[in-house]
Every structure is written in C-alpha cells, then in structure tokens.
Amino acid sequence: MSRIVEVPATFDDRSFEQFATSFAAGPIGDRMLFDARPAQWASPFGLLGMLTAAQAIREAGGPTPGFTVPQADEVRRYWARTGFFQHAGELFEIHGKVPRLKPDDQSDVLLDVTPVRASEDVHGVVGKIQAGAARILHGELGLEAKATMGFAMALSEACQNIVEHAGTGGWVAVHAYSFRKRLGRRVVVIAVSDAGIGFRRSLEATQARRFGDRWGDAAALEAAVIQHTSRFRDPGRGQGMPGIKRYLTRWDGKLSIRSGTARIAIVPPWDDDAPLMEGLAAFPGAQLQIVIPGQEISG
Amino acid sequence: MTETIRLDLMLRETVHAAYTNLVTRPTGRAIRTSIRERLAGGQALALLDFSEIGLVDLSCADEVIAQLLLDPPTGTYFVLQGLGEEQLEAIEHVLAHHDLAALFQDPLTGAARPVGRVSSEQRVAFACLQAAGPATAPALAERIGWDETQAGTVLATLARLRLIRCDDGSYSLPLSA
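Heads up: the sequence lines are chains A and B, in that order.
Residue 183 in the numbering used here sits at position 183 of the first sequence, and the numbers go up by one each step.
Each position in the second sequence, counted from 1, maps to that position plus 299 in the numbering used here.
This is the structure we're talking about:
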C-alpha cells in the first residue's frame, strides 16, 4: 500500500506547503505515490518540488515512488514541454500516458527543467537563457534591454548555490506566465531546487554559535539572505545574494527561499507574502524562487 | 611592455569549451591562473579585453579581477577594456566589496578612468595626471592647490591601488591615455 502525496491542483510556491505537508506525513522510506491527477497548473517551483522530493527519496535509499500524470491533456502537454516528464521518468514510476513533445523555442518555457550538478551546467544554463530572456523581458514584459544581463547574472548565482552548497545535484527552470491574481501582469519566474543539505547544515559550522539558541532553519536563512554570510571564510564569498537582491530591487522583483522547515522572502510592494515563516513541514534541501514582473502599463 | 589578453580566447583555451560567458568560480580561478601564466614574463601593462565576452557574473568577477588585484603579478598594471555597462557594474560591485579599484578604458573616449572604491580626491589627482602628465607630489600639489602632504597621501594611495605608477618620486599613468 503506497502513501499518497497530494499534488495541489494549482501548484505554486504558496500551495507548495500543502505538498510538503503531504510529503512529510510519514517516513521518507515509505512507498509513495505522487497523485497529480487533479493538477490543473504548476509553476516551475512546483515542478521542481516534485523532482526534488523524488531525488531525496532516491538518495535516502527509499523505494521508487509512483507518479500518476495529470488527467487534463493540456496540462500533460505543458508539463511535457517543460521537460518535467523527461526527468520524472528517471525518478518515478510513471502511471499514465506522457506526450512526447519537443521543446519550443518560442514558448513561455524560457528554460526547460535542467539538472545542475557542476559549474559546466551553469555555463550551459546561462548560455541557453540569454536569447529567450531578452525576448521575454524586453519584448513581452517591457523591461529595459539591460534587464536581461542582470537576469542571467541572478540565474547564474542562484544555480551556483547548488554547486557550492548543496552537496548534491539540483534543478533549475525558468517560465513566463500571467500572474493575474496577485499582480495582474506577466512575470518571469526562476525556480531553483535541490535535495541537498540545506542552509542550516551548510552554515552550521561557521554560524550556529553566533546565533546560540536561535539557531535553526530560519536563522540560517536570515544569515544567508539578510546578512550575506557564507560558509566559506574567504572574504570574497557571499556576494551572490546581495547581487541578486540588488537586481530585484531595481526591477521590483521578489525572492523567496525555503529550506528545511523555514521560508524567507524579500517581498516587493505588489505582494503580501510573509517575510519569514517557521515551523513548516520539513522538506529536503533548498528551494529558491525569483519573480520578475512586467512593467506596469500606465493609464 | 604591453600585453593584450582577449578573455574570450583565453576562456576557450582554458576550459576547452565554446563558452562566451565569464561565470562560476571554477572558471574564474582557471582564467586567473592562465592570466598569471601569461604574465609570468613580467609585463608592465596588461590590457584585459572583455569585448567578446557576454555575461560576467559576480562570482567569476571576484575570482578573476578582485583576486588578481589583491595579489597582482610583480610589476604589472591592469587595465580593463571592452566592458559593457552591465559587465562593468558587476565588476564595480566586486571591487567595492573588497575596497579595491581598477583602471577602466572608456570605450567612447578611449581614456582610462578609475572605477571601484575611488574617492573624489583620488579622482581629481588621477585626472590631473591624465591631463597634464607625470608629476611629483609637490608639483601636483601646486597644480591642484593642495598642500604637499595631501597630494603625497593621495598619490601614494593611487599607487598602492596600482592605478598609477611611481618612478623615483614621479607619478604617472601606466598607459598613455
């Protein structure tokens, strides 16, 4: 008998907590079935969350989880275009028909689901994103042309966090879509996720004593995102996060990072997210999301 | 002696791949090592040419530029050229983080200017040497209207940052631009 892990019908960074709670409801060694049949839509954050969960099960030596594909044909097709099924097939036992689709260079999927294991992968990601990012950021979202370079820089630094800190591989994906409920504009979203050691373990040796009793997932995120500390003692380290934040400030973007049982967010005025959440369901590794909104059309 | 180092070519030779972006720390470390090897002969002026490079991220900029400036090869002065606005911004961010400065050759004027942590006094002294040529501390003090102590301190700092050179008490730009 498999334990059911519910995939939210609309799966984004907010409904991720529903997914994480379901995933954490029993031991990681349980036989699990990820039920995506009701799924209507998933952000890149949601797609990477499922792959990360499966990767964590594999790395913990658990049984290969099952995965039931979405019932809706258009959802299956979209997920196939994102490259999700290509990687899910290696981590899950897939139940249901999966469409075979080639990636579309002109689609809203700027970067299909891409594994990040080494610095060579970061070169590949950055090289692949640049033309598409210019088309979407400048052409569709109305941002100045120079926004593209900073976007690629933020993507590069975010991916390098996996290589430098996770202790295992991870994933990245970049999509553009309409963010009607929260913003009423189109956005570009970078999602990066890994099943690694997470911020707390990464920073423990250098930061835990400084925080004392407060030390935990939330304090580790605070140290990295707010105080820009790094586990490396080299004074040149820890520049990636302020660089990402500077880019987000300029383009009114949002950053959120979840690790372990906590989540921190740099929240722009257009959003009402909580800056810090603690006591969440435990989830492996770290998950980062960057949202860049389109320029507001005046009048 | 002047050595122009095309970073796009060095990138290809160093990592053996058709990359055009200076990203990641391992890539930066490899490029820095190659630059050091190229300059092992004791070049006086190294022009680092970014004109065919796409993205420069902060991690790679730190490994290449900041680490080279923190521990420069003996007798070598660096000038950055062919940098776009966003590339320069990334490098300035890294320079500021380390309290460093570098010489940047402006693509429009062809003239060099210091970027990074440079005070207004240092900019004035640099501009004066650029406009009127080499000077000792007393000569610069007279040109600008500073006292000699102030001029000496500012020039010594510029020389320590390797933005200008000092030969027997005479300060000058490391390139004629």
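For every residue, glycine included, the Cβ atom is placed at its ideal position computed from N, Cα and C.
Item: When the Cα atoms are used, what is the spatial distance from A/Ser107 to A/Phe11?; Value: 20 Å
Item: I want to see whether chain B comes within less than 8 Å of A/Glu157, judged by CB atoms only; does it?; Value: yes
Item: Taking the straight line between their C-alpha atoms, what separation do you get for A/Phe67 and A/Leu101?; Value: 19 Å
Item: Can the beta-carbon of A/Phe23 be found closer than 8 Å to that of A/Val7?; Value: no
Item: Beta carbons nearer than 9 Å to chain A: which residues of the region 378 to 404 of chain B have them?; Value: Gly383, Glu384, Glu385, Gln386, Glu388, Ala389, His392, Val393, His396, His397
Item: Determine the direct distance from the alpha carbon of A/Gln71 to that of B/Ile304, and round the result to whole angstroms.; Value: 57 Å
Item: How would you write the range of the alpha helix (DSSP H) that A/Gly124 sits in, first residue to last?; Value: 119 to 133
Item: Return yes when the Cβ of A/Ala191 is within less than 8 Å of the Cβ of A/Leu48, no when it is not.; Value: yes
Item: Could you check how far apart the C-beta atoms of A/Leu255 and A/Ile226 are, in whole angstroms? I think they sit under 8 Å.; Value: No, A/Leu255 and A/Ile226 are not in contact; Cβ-Cβ is about 11 Å, not under 8 Å.
Item: Which runs of the alpha helix (DSSP H) at least 4 residues long sit entirely within the region 152 to 236 of chain A? Give them in chain order.; Value: 198 to 211, 217 to 221
Item: Tell me the DSSP secondary structure of B/Trp445 in three-state form.; Value: coil
Item: So if I threshold CB-CB distances at 9 Å, which residues from the region 355 to 381 of chain B count as touching chain A?; Value: Val355, Asp356, Leu357, Ser358, Cys359, Ala360, Asp361, Glu362, Ala365, Gln366, Leu369
Item: Run down chain B in chain order and give the residues with a C-beta less than 8 Å from the C-beta of A/Gln239.; Value: Leu357, Ser358, Asp361, His392, Val393, His396
Item: Check whether chain B comes within 8 Å of A/Gln287, counting only Cβ atoms and requiring the distance to be less than that.; Value: no
Item: Would you please verify whether the beta carbon of B/Thr323 is less than 8 Å from any beta carbon of chain A?; Value: yes
Item: Cutting at 6 Å between CB atoms, please list the residues of its own chain near A/Phe92, excluding the five before and the five after it.; Value: Ala54, Pro65, Phe67
Item: Show which residues of chain A have a CB atom less than 8 Å away from the CB atom of B/Tyr318.; Value: His123, Gly127
Item: In chain B, which residues lie less than 7 Å from A/Gln130 when you measure between Cβ atoms?; Value: Gly353
Item: Could you tell me if B/Gly374 is buried or exposed, where buried requires 16 or more neighbouring beta carbons within 10 angstroms of its beta carbon?; Value: exposed
Item: In three-state DSSP terms, what is A/Tyr247?; Value: helix
Item: Can you check whether the CB of A/Phe211 is closer than 8 Å to the CB of A/Ser259?; Value: no
Item: Can you say whether A/Gly29 is buried or exposed, counting buried as having 16 or more other CB atoms within 10 angstroms of its CB?; Value: exposed
Item: May I ask you to report which of helix, strand or coil DSSP gives A/Trp270?; Value: coil
Item: To the nearest angstrom, report how far apart A/Pro284 and A/Ile197 are at their CA atoms.; Value: 7 Å
Item: In the DSSP output, which residue or residues are listed as bridge partners for B/Ala434?; Value: B/Tyr470
Item: Could you list which residues in chain B have their beta carbon closer than 7 Å to that of A/Ala152, in chain order?; Value: Leu354
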